[in-house]
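In the UniProt record's numbering, the protein residues as written are 1 to 56.
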C-alpha cells in the first residue's frame, strides 16, 4: 500500500474541522452539539482517507 499526499482541498477541509473541534473543546462554540473528540476524529479520518486514496 502506497501513501499519497492529500489534495489541498482535503487538507484544508480537515484543518477547518480540526479548528472547529479545538474551539468546541475550549467552549468557544457552545452551540455545537457533538463532543470535540468526535469532531477531531472526523478530521483525522478525512485526512487519513485523503492519504490512502490516490487523486483525492
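Even glycine gets a Cβ: it sits at the ideal position worked out from N, Cα and C.
Hey, is residue 6's beta-carbon within less than 8 Å of any beta-carbon in chain C? In the structure shown, chain C does not exist; there is a single protein chain.
Can the beta-carbon of residue 6 be found less than 8 Å from the beta-carbon of residue 42? Not closer than 8 Å, so no.
The alpha helix (DSSP H) with residue 36 in it runs from where to where? Element bounds for residue 36: 36 to 52.
Leaving out five residues before and five after residue 29 in sequence, what residues of the same chain have Cβ atoms less than 6 Å from its Cβ? Contacts found: 23.
Is the CB-CB distance between residue 3 and residue 52 below 8 Å? It is a contact, given that the beta carbons lie within the stated cut-off.
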